[in-house]
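A quick write-up on the structure given underneath.
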Amino acid sequence: MVIAVAKIVVLAGWALFLGWLPLFGQADLARLLHPDLWWLLLAAVVVLALLAAVQCRSLSRLRHQPSTWWQWPSLAILLLPPLFFLQAREARFDGETFAKRSLASLEAYRPPQSTEEAPAADLSGEVPLSTLYGNIDAYLGKEVEVVCQTLDNRQLPENVVMCYRYLMNCCAADAMPLFIFIRYGEGEAVEGERWVHARGTLSLHRGGGVTVPQLTLGRMSYVEEPAFPFLLR
Amino acid sequence: MSDRPARPLDLPRYQPQAVKASPPLSAELAFCLEISLLVAIAFVAILGRTPSWRGAVDNIAINFLAVILEALPFMLLGALAGGLIEVFVPGSLVDRALRRRPLRAIFVAGALGFVVPVCECAIVPVVRRLLGKGVPLGAAIAFLLAGPIVNPLVLWSTAVAYRYDWPMVALRLCCGYLIAVAIGLATRHVFARQEALIDQAAPPAGCCACGEDAAHGTLPGRLGHALQHAADDFFAVGRFLVIGAFVAAVLRSSLSLDTFTLLAADPWLAIVAMMALAVLLNLCSEADAFIAATFRDLLPASAQLAFMILGPMLDIKLLLMYLAVFRKRLILWLCLVVPLAVFAAAMAVQLLAVKAG
C-alpha cells in the first residue's frame, strides 16, 4: 500500500515538474531543451497524469499487497533528475565545456562549406553565428552584428578574442560551439566569459593553416545572457 | 469465463515483471547497487556545492537534465504504446503475423520502424510488451536494433544533417536494417527464449501478460488496463533510464571530442574511436547525425556511419534499460555481436570507398 502511494507521488511529482517547466520555467528550459520539443513535455504530463489516475484507482486493490521494501531505492532514483534541476538552474556551460565540445583545436578547424546557392545577406539586426557560418561569403566585407560569449584563448594574438555560442540540435547535451574571432583596437581590453553585442566588419582570419571568420570591431557592449542562449538548428 | 478460442500455438510467453512478496537474490543485489548509486550521486551533488568542483558538477547537471528531458517523454510514450499493444493487439494477430513464421518475422520486424517510428528511449518498453504478446525473440531483437534507425524521422534528420547526402542516408538505412536482421537471425539460433528473457512464465489465462482478461471489457476498462501496464513499464524501465542518463552526463562532461580526432590517421582506428564515442555519448538517434556530421572533414565516412549505426543499437543508457527485459547473458551477447557487426559493416564501406577511388 505504502509503495503504491509512493508511486503515485513519483508520477505526480514528475507531472508537476514537467508541466511547470514549459509553463513557468521557460528561462530554465531554454538552456536545456530545443523549443521545438517543448510540446513533448506537455505530452509527457498528460501520460503521467493518466498513469497517476490509474494508480489511484487501483489503490484499494493494492491495500493488502505485501510490503516491497526493495523497491524504495528504485523510486528514489526516479526522483533524482528534479533534484539535480536545482543545480542545473544556476549552471552554465563555460570555457572548459567549449574546449571539450569543439573540434577546436585550431589545427582541426575547417570552416563549413555551404553547398546551396547563398541567399543575400540579411544585415537588419543581429546575425546568428549559425547563419553566418552557413553563408559566409554573403557577409564578407559587410558590417555585421553578433551576440556571443567571449573566451580568452592564449593561442590568439593579444588584441583578438574568441567569441562563441552553442548550436543546439535537440538538447544541451548535443550542443556544439560555433565561434568567430573579434579583433579589437590596440590598448583596449575585452573581458573573457562575458556576453557581448559586437558590431564590426567581417573578414576571414587566415593563419596557422586555418581560416576563421573574424569581426574587426566597430563598437561593442556587454549585455545580459539572451533569453535563448543557444542557437537553434 | 471467456469463450475465446484456444491459441493455435501454445508456446511459452514472456511475462513482464510481476511484483513478488519477497525479494529474490537478484533483487537484493539490485537493492544494494541502487543504494550505493544513490549515495554516489548524492556525493556528486554535495561536491557541486564546493568551489573547486562546481564547474564540473554544473556541466553534469545540465547534461543530465537535458538528456532526461529529451528522453523521458519518449520513454513514456513508448510505455503507453506498449500498454496499448498489450491490451488491444490480439494474440491471434501476433500468432498469424509473426509466431507462425519466425524467420519471416525477423525480416518484417527489421522494417517495423517505418510503421512504429520510435526512438531508442521508447523502443525498450514497446519491445518488452511485444515479447509479452508472444513475438519471437529473433524478431524482437531485430526490431529493437533496427527500429531507432530504420525509421522515417531518423532518416529525415540524417538527410538534413548531411545536407541531403542521400548515399549516406541510404547507407545508414541499409546497414542498420541488415545488421539488425543478421543479429536477429543469429540470436534466434543461439538463445532459447527462456534463456534470454527475465521473468519467464507460463502462458497466462487471459489476453494480457498480467493474467487479467481485458480483451472483452468495456473500452474505458481496457484503456485503464493499458495505462496500468504503461505505469508498470515506467517503473520497470525508468530507473535504468535515469542511471544511464547520469552516467552519460558524467562522460559527456569529461570527454574531449578532440581526443577522438587524433585517431583519424587509420580508418579502422577512426571507426573504433567513433564506435566508442557513440556508446559513451548516448545521443538520441534523431540527433546523432548532427554530431556525426561535425566530423565530416575530419574522419572517413565509414567512421561517421559506424557512429550513427552503433549509437541507436547500443549505448550505456540502452544497456541499462535492456536489464528490464533481458537476462545478462543476452545483453553480453549483444555487447559482443553488435559492435562486431557494425565494425565489419563500416570496414566494408571503407574498402568499397577506397576501391571506388
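Residue numbers (our numbering), protein chains in the order written: chain A, 1490 to 1722; chain B, 10 to 366. Just so you know, even glycine gets a beta-carbon here, dropped at the ideal spot from N, CA and C. Keep in mind it's a predicted model, so treat the numbers as computed, not measured.
**Chain-ordered neighbours of residue 313/B on chain A, where CB pairs are closer than 7 Å** = Against residue 313/B, chain A offers no close residue; the least beta-carbon distance is about 13 Å (beta-carbon pairs closer than 7 Å).
**Asked** So who's on the other strand from residue 1653/A, going by DSSP bridges?
**Response** DSSP output for residue 1653/A lists 1638/A, 1668/A as bridge partner(s).
**Request:** State the beta-bridge partners of residue 1687/A as determined by DSSP.
**Result:** The partner list for residue 1687/A (beta bridge, DSSP) reads 1635/A, 1709/A.
**Message:** Assuming residue 319/B and residue 276/B are in contact, meaning their beta carbons sit under 8 Å apart, how far apart are those beta carbons, in whole angstroms?
**Reply:** The Cβ separation is near 16 Å, so there is no contact.
**Message:** Taking the alpha-carbon of residue 46/B as reference, which of 1504/A, 1583/A, 1653/A, 1565/A has the nearest alpha-carbon?
**Reply:** Per the Cα distances, 1565/A.
**Prompt:** With 16 as the cutoff for other CB atoms within 10 Å, does residue 123/B come out buried or exposed?
**Reply:** Exposed is the call here.
**Prompt:** In this structure, does DSSP put residue 1704/A in helix, strand or coil?
**Reply:** Look at residue 1704/A here: in three-state DSSP terms it is strand.
**Message:** 8 Å is my cut-off, CB to CB: does residue 296/B come that close to chain A?
**Reply:** Any Cβ of chain A closer than 8 Å to the Cβ of residue 296/B would place that residue at the interface, and such an atom is present.
**Same chain only: Cβ atoms within 7 Å of residue 159/B, ignoring 5 sequence neighbours per side** = These residues qualify, in order along the chain: 119, 120, 122, 123, 182, 185, 186.
**Neighbouring residues, chain A, relative to residue 74/B (Cβ below 7 Å)** = Result: 1521, 1570, 1573, 1574, 1577.
**Contact under 8 Å by Cβ, residue 1638/A with residue 67/B** = Between residue 1638/A and residue 67/B, the gap from beta carbon to beta carbon reaches 8 Å or more.
**Asked** Would a check of beta-carbon distances place residue 265/B closer than 8 Å to chain A?
**Response** Output row for residue 265/B: interface = yes.
**Request:** Determine the contact status of residue 254/B and residue 310/B, defining contact as a CB-CB distance below 8 Å.
**Result:** No.
**Request:** Please confirm if residue 226/B has its CB atom under 8 Å from at least one CB of chain A.
**Result:** Judged by the 8 Å Cβ criterion, residue 226/B is not in contact with chain A.
**Request:** Assuming residue 75/B contacts residue 1661/A (C-beta within less than 8 Å), just tell me the rounded distance between them.
**Result:** Right, the Cβ-Cβ distance comes to about 4 Å (below 8 Å), so this counts as a contact.
**Request:** Taking C-beta pairs closer than 8 Å, name the residues in chain B that residue 1648/A reaches, listed in chain order.
**Result:** Within 8 Å Cβ-Cβ: nothing; residue 1648/A doesn't reach chain B, min ~26 Å.
**Asked** First and last residue of the alpha helix (DSSP H) that includes residue 72/B?
**Response** Note, residue 72/B: alpha helix (DSSP H), 60 to 97.
**Item:** Supposed contact pair residue 78/B and residue 1530/A - C-beta distance, whole angstroms, cut 8 Å
**Value:** Sure, about 7 Å apart at Cβ, within 8 Å.
**Message:** By alpha-carbon positions, which one of 1509/A, 1590/A, 1532/A ends up nearest to residue 1657/A?
**Reply:** If we check each option's Cα against that of residue 1657/A, 1590/A comes out closest.
**Prompt:** Which residues in the same chain have their Cβ closer than 7 Å to the Cβ of residue 1668/A, if we skip the five residues on either side of it in sequence?
**Reply:** Counting only residues of its own chain and dropping the five nearest sequence neighbours on each side, residue 1668/A has a CB closer than 7 Å to the CB of 1651, 1652, 1653.
**Prompt:** Relative to the C-alpha of residue 1715/A, which residue among 1496/A, 1517/A, 1504/A, 1512/A is closest?
**Reply:** The shortest CA-to-CA distance from residue 1715/A to any of 1496/A, 1517/A, 1504/A, 1512/A is the one to 1517/A.
**Request:** Would you grab the beta carbon distance between residue 332/B and residue 340/B for me? Rounded to a whole angstrom, and I think it's under 8 Å.
**Result:** Confirmed, Cβ separation roughly 7 Å.
**Request:** Give the interface partners of residue 1546/A over in chain B, defined as CB-CB distance under 8 Å, in chain order.
**Result:** Here the neighbours are 233.
**Request:** Quickly, what does DSSP pair residue 1696/A with across the bridge? List them, please.
**Result:** According to DSSP, which records beta bridges pairwise, residue 1696/A is partnered with 1699/A.
**Message:** Under 8 Å: do the segment 85 to 105 of chain B and the segment 136 to 152 of chain B share three or more Cβ pairs, one atom per stretch?
**Reply:** Result yes; three or more Cβ-Cβ pairs closer than 8 Å.
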